[in-house]
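Participant:
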Amino acid sequence: MSDRLVLLGSKGGPALRPGGPWPSSSLLQIGERDIVVDCGLGVTRGLVDAGISLKALDLIFITHLHSDHILELGPLIHTAWTAGLATPVTVFGPPGTQDYWRHFCRAMEFDIETRIVDEGRPDIRKLVSVKEFGEGAILEEKGLTVTALRVEHPPVTDCFALRFEHGGRSVVFSADTAFFPPLAGFAKEADILVHEALLEEGVE
Numbered sequence: 019m020s021d022r023l024v025l026l027g028s029k030g031g032p033a034l035r036p037g038g039p040w041p042s043s044s045l046l047q048i049g050e051r052d053i054v055v056d057c058g059l060g061v062t063r064g065l066v067d068a069g070i071s072l073k074a075l076d077l078i079f080i081t082h083l084h085s086d087h088i089l090e091l092g093p094l095i096h097t098a099w100t101a102g103l104a105t106p107v108t109v110f111g112p113p114g115t116q117d118y119w120r121h122f123c124r125a126m127e128f129d130i131e132t133r134i135v136d137e138g139r140p141d142i143r144k145l146v147s148v149k150e151f152g153e154g155a156i157l158e159e160k161g162l163t164v165t166a167l168r169v170e171h172p173p174v175t176d177c178f179a180l181r182f183e184h185g186g187r188s189v190v191f192s193a194d195t196a197f198f199p200p201l202a203g204f205a206k207e208a209d210i211l212v213h214e215a216l217l218e219e220g221v222e
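Using the numbering used here, read the sequence shown as starting at 19 and increasing by one per residue.
#1: Assuming the contact rule is C-beta atoms closer than 8 Å, Ala68 and Leu26 should be a hit. Round their C-beta distance to whole Å, please.
#2: Check Ala208 in the structure and name its three-state DSSP category.
#3: Please classify Ala205: is it buried, with 16 or more other beta-carbons within 10 angstroms of its beta-carbon, or exposed?
#4: I'd like the span of the alpha helix (DSSP H) that includes Gly92, first residue to last.
#5: Considering only the beta carbon of each residue, do Leu59 and Pro41 sit closer than 8 Å?
#6: Looking at Ile53 and Arg187, is the spacing between their C-beta atoms short of 8 Å?
#7: In the DSSP assignment, find the alpha helix (DSSP H) that holds Glu150 and state where it starts and stops.
#8: Can you check whether the CB of Thr97 is closer than 8 Å to the CB of Thr132?
#9: So, do the region 71–82 and the region 104–122 have three or more beta carbon pairs nearer to each other than 8 Å?
#10: Return yes when the Cβ of Ala101 is within less than 8 Å of the Cβ of Leu72, no when it is not.
#11: Can you tell which of Ile88, Leu94, Gly30 has the C-alpha that lies nearest to the C-alpha of Asp75?
#12: State yes or no: is the C-beta of Leu45 within less than 8 Å of the C-beta of Ile70?
#13: Using the Cα positions of Gly238 and Glu183, report the straight-line distance between them to the nearest angstrom.
#14: Go ahead and label Asp136 buried or exposed: buried means 16 or more other beta carbons lie within 10 angstroms of its beta carbon, across all protein chains shown.
#15: Would you say Phe110 and Ile156 are within 8 Å of each other, going by their C-beta atoms?
#16: Which of helix, strand or coil does DSSP assign to Phe122?
#17: Do Leu180 and Ala202 have their C-beta atoms within less than 8 Å of each other?
#18: Can you check which of these residues, Pro36, Asp209, Leu34, Lys29, is closest to Asp56 by C-alpha distance?
#19: Quick check on DSSP: helix, strand or coil for His87?
#20: Could you check if Asp86 is buried or exposed, using at least 16 other CB atoms within 10 Å of its CB as the buried criterion?
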């Protein structure tokens, strides 16, 4: 599998417009890993269209808890589960991600319990591990290193840029952020920087 980056959704905010792009989500394939960064609405469809087998879902990273970055996290994992997911999935996210997942599973409890009994599926709640993070190293595994930098995105205080490194290659996601000079150092010498951009008239 060759390394690649696919921007599945690139618009700011949760609202959808006819013919417009989907909210934030990306697929990063690096070091033989399929990594999902953010889960805005449309991420599941985007992954399928990108040729990804949902039942091979592995690593998911959430930059912050605004709905346009996390709304479809639960539905993505649940859809992968109904497609045959039977291997562990690790979700890395800021504080509050565990609460999101727990409440999603509670809301879907009837369907989950029914499919476990009727279809013999493994318990989705036992397949998913949620790890909440702050600044610094998040993951070091199989040559893949992931680090986080807290960025400015008021009123959200737990919003993190992410840097992925493997085999001498690096990709940085700025997440949603205001002007934040430390991000330049964090992204220094990255091969790719995925950075937020806004039209001035949209802000005004």
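Think of the CB as a built atom: it goes at the ideal place given N, C-alpha and C, for glycine as much as any other residue.
These figures come from a predicted structure and were not determined experimentally.
Facilitator: Reading off the structure:
#1: Position 50 of the sequence shown, counted from the start, is the residue given in the question as residue 68. Position 8 of the sequence shown, counted from the start, is the residue given in the question as residue 26. Right, the Cβ-Cβ distance comes to about 7 Å (below 8 Å), so this counts as a contact.
#2: Numbered from 1 along the sequence shown, position 190 holds the residue referred to as residue 208. DSSP places Ala208 in coil when its eight states are reduced to three.
#3: Counting from one through the sequence shown, the residue named residue 205 turns up at place 187. Here Ala205 is buried. Its C-beta has 16 or more other C-beta atoms within 10 Å.
#4: Locating residue 92 in the sequence shown gives position 74, counting from the first residue. For Gly92, the enclosing alpha helix (DSSP H) covers residues 91–100.
#5: If you number the sequence shown from 1, residue 59 lands on position 41. If you number the sequence shown from 1, residue 41 lands on position 23. It is a contact, given that the beta carbons lie within the stated cut-off.
#6: Residue mapping note: residue 187 aligns to position 169 of the sequence shown, counting from 1. Residue mapping note: residue 53 aligns to position 35 of the sequence shown, counting from 1. Going by C-beta atoms, Arg187 is not nearer than 8 Å to Ile53.
#7: In the sequence shown, residue 150 corresponds to position 132, counting from 1. First-last for Glu150: 146–150, but that is the beta strand (DSSP E), not the alpha helix (DSSP H).
#8: To locate residue 132, count along the sequence shown from 1; it is residue 114. To locate residue 97, count along the sequence shown from 1; it is residue 79. Going by C-beta atoms, Thr132 is not nearer than 8 Å to Thr97.
#9: Using a C-beta cut-off of 8 Å, the region 71–82 makes contact with the region 104–122, since at least three inter-stretch Cβ pairs fall below that distance.
#10: Position 54 of the sequence shown, counted from the first residue, corresponds to residue 72. Position 83 of the sequence shown, counted from the first residue, corresponds to residue 101. Going by C-beta atoms, Leu72 is nearer than 8 Å to Ala101.
#11: As a position in the sequence shown, residue 75 is number 57, starting the count at 1. Asp is not the amino acid found at residue 75; the sequence shown has Leu there. In this structure, Leu94 is the residue among Ile88, Leu94, Gly30 with its C-alpha nearest to the C-alpha of Leu75.
#12: Mapped onto the sequence shown, residue 45 falls at position 27. Mapped onto the sequence shown, residue 70 falls at position 52. Less than 8 Å separates the beta-carbon of Leu45 from that of Ile70.
#13: Residue numbering for the chain in the displayed model covers 19 to 222; residue 238 lies beyond these limits and cannot be assessed.
#14: Here residue 136 corresponds to residue number 118 of the sequence shown, with the count starting at 1. Exposed, because fewer than 16 other Cβ atoms sit within 10 Å of the Cβ of Asp136.
#15: Your numbering for residue 110 matches position 92 in the sequence shown. Your numbering for residue 156 matches position 138 in the sequence shown. Taking 8 Å as the Cβ cut-off, Phe110 and Ile156 qualify as a contacting pair.
#16: Here residue 122 corresponds to residue number 104 of the sequence shown, with the count starting at 1. It is helical.
#17: Taking the first residue of the sequence shown as 1, we reach residue 180 at position 162. Taking the first residue of the sequence shown as 1, we reach residue 202 at position 184. With respect to Ala202, Leu180 sits apart: the two C-beta atoms are not nearer than 8 Å.
#18: Numbered from its first residue, the sequence shown carries residue 56 at position 38. Of Pro36, Asp209, Leu34, Lys29, the residue nearest in Cα terms is Lys29.
#19: Position 69 of the sequence shown, counted from the first residue, corresponds to residue 87. Reduced to three states, the DSSP call for His87 is helix.
#20: Sequence index remark: in the sequence shown, residue 86 carries index 68 (1-based). Buried, because 16 or more other Cβ atoms sit within 10 Å of the Cβ of Asp86.
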